[in-house]
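Reading through the structure tokens given below for one structure.
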Amino acid sequence: MRAASPWTPRLAEGAGSPYERLVTALAEDIIGQRGAGGLPAGSRLPAQRALAQALGISVGTVTKAYAALERRGLVRGEPGRATFVTYQARDAVGSIDLADNAPPRMLGDHALAAALAAVGRRVDASGLAAYGPPGGFLEHRRAVAAWIALGGTELPPEELILCNGAQQGLAAALLAASPNGVRAEVYTEAVTFPGLLRYASLSGHRVHGVAFDEEGLHPAALDQALSRRKPSAAQALVYVTPTLHNPTTATMGPRRRRDIVRVARRHDAVIVEDDVYALSQDRDTPALSPLAPERTFYVTSAAKALSPAVRVGAVRPPRAAWERTVAAVRALAQPVSPLQCELLAELTRAGVAHEVAIAIRREGARRTTLAREMIGPALMTADMAYHAFLPLPRAVADAVVLAAATRGVELTEPASMMADPDSPRSGIRLCLGGPSYDDLARGLGIVADLVGRAAAVRP
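Numbered per the numbering used here, the sequence shown spans residues 6 to 464.
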């Protein structure tokens, strides 16, 4: 006699087909995303026919949903027996980390193991023994271009330079954009990505904070800042994250993107476009690179929209900067491992990458809703995101970060995000993707309490 399944049949709330709502409901309850622990590994799922009858849907819909969960590595079907949960939650260790900006964990162990096994059966060891041509093997660049195309941006594979994630790509772009080691002038939002500030400092570039609004970098403010440059000044670099800016989550509309390009052309500025979050969004606006390919370094990575386990990044530099960018990537480290590229190609070919990206969007939306409910309307975030930004006076932000650490919650230091240390705009970034749902709720509750206390004592 078969043991009963511990799962209570349901369809997720909201819009979507019965298939999509069943996949979402099962994924939520397996991973534990509704304020309760997930189904333990080894748990039996209901028989397909019984589940179809209980929910009033077709058996084919249940079969399709189980197959999607198996591709993601959350379950495994055993012919003649049943379908079992394979996902194993990681035990929480130490503090609640709201400082590490990782995506929700949607790529399961079984799916990753299956992809690695497929790569192992296909790979030619002799072909991997060489470092490969500049920019990476063409077949790997094709695989990365196919991955990027899932987000609506078509880039010629031969124009890509592969690297070890977007951060190496960003560092390489900053080096290559200012030839002969000349220090550049970097213009970016007054509150910006901490990694950009680190790499600019290491490269010797001076950073200028520019005003921003709900769509990110403000064109008029950028124009004014660039107009103040001396004629003999160093090369101007404009760093932007047009989609889901880190940390403010601002996304530029089509007109804003065209205006930024127009200002950059007027002042002959180079654009460094950080597009790592585009694949985790429903793109309805173009990237900047196709609008201004002659002056844009386009940087992206699989880590944010798939998994940090897949450390494959790419840079598409202006044609005139190709050789310098290749040299910069090689100076920072050897290009990305071909095995990582083969893994991304396999996950894309099998449809896993697309399904994981969709799952990350949905989970980002759930976590964003939780953050809004717990922190309040002052929180800056998007409908689908896994980080958020709470504007606060600098002194208050610093106090909240220090107090949170004493209560076991890690937050990003406000100073690490400030392009202009004297800017009146500051705040705290809340990274929503890494912790379990339960830990996230506890961490947000602590932050909300500390912010409320700080507000109560302000004059």
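Positions of the beta carbon are idealized from the N, C-alpha and C atoms, including for glycine.
Under the three-state reduction of DSSP output, residue 347 falls in the helix class. If you draw a straight line from the Cα of residue 165 to the Cα of residue 150, it is about 8 Å long.
As the crow flies, the alpha-carbon of residue 204 is around 33 Å from that of residue 459.
Between residue 394 and residue 252 the beta-carbon gap is near 4 Å, inside 8 Å, which marks them as a contact. Secondary structure at residue 306: strand, using DSSP grouped into helix, strand and coil.
Per DSSP, the beta-bridge partners of residue 318 are 168 and 306. Bounds of the beta strand (DSSP E) holding residue 433 are 432 to 436. About 5 Å separates the CB atoms of residue 106 and residue 392; that is less than 8 Å, so the two are in contact. An exposed status is given to residue 185, since fewer than 16 other beta-carbon atoms sit within 10 Å of its beta-carbon. Residue environment for residue 225: exposed (fewer than 16 other C-beta atoms within 10 angstroms of its C-beta).
In the structure shown, the three-state DSSP call for residue 452 is helix.
For the pair residue 304 and residue 178, the CB atoms are nearer than the 8 Å cut-off.
Contact annotation: residue 243 and residue 282 have beta-carbon atoms that are not nearer than 8 Å.
With respect to the 8 Å criterion, residue 76 and residue 91 are not classified as neighbours on the basis of their beta carbons. Around the CB of residue 85, fewer than 16 other CB atoms lie within 10 Å, so the residue is classed as exposed. DSSP links residue 272 through a beta bridge to no other residue. In the three-state DSSP reduction, residue 192 falls in the strand class (E or B). With respect to the 8 Å criterion, residue 103 and residue 448 are classified as neighbours on the basis of their beta carbons. Around the beta-carbon of residue 362, 16 or more other beta-carbon atoms lie within 10 Å, marking it buried. Nearest neighbour of residue 302 by Cα position, chosen from 167, 438, 419 and 390, turns out to be 167. In the structure shown, residue 148 adopts helical secondary structure according to DSSP, grouped into three states. Looking at the DSSP output, residue 215 sits in a beta bridge with 194.
The beta-bridge partner set that DSSP reports for residue 392 consists of 436. Counting other Cβ atoms within 10 Å of its Cβ, residue 30 reaches 16 or more and is therefore classed as buried. In this structure, residue 230 sits away from residue 270, with a CB-CB distance that is not shorter than 8 Å. Taken through DSSP and simplified to helix, strand or coil, residue 415 comes out as strand. Residue 108 has its alpha-carbon roughly 6 Å from the corresponding atom of residue 309. Annotated three-state conformation of residue 66 is helix, per DSSP. Shown here, residue 28 sits in a helix according to DSSP, grouped into three states. Between residue 317 and residue 346, the C-beta spacing is below 8 Å. The C-alpha of residue 402 lies about 13 Å from the C-alpha of residue 454. Following the DSSP letters along the chain, one finds residue 374 inside the alpha helix (DSSP H) bounded by residues 357 to 380. Counting every other CB atom within 10 Å of its CB across the protein chains shown gives residue 126 a total below 16, marking it as exposed. As the crow flies, the alpha-carbon of residue 63 is around 9 Å from that of residue 53. In the three-state reduction of the DSSP assignment, residue 33 falls in the helix class, which pools H, G and I. A residue is called buried once 16 or more other Cβ atoms fall within 10 Å of its Cβ, and residue 173 is buried on that count.
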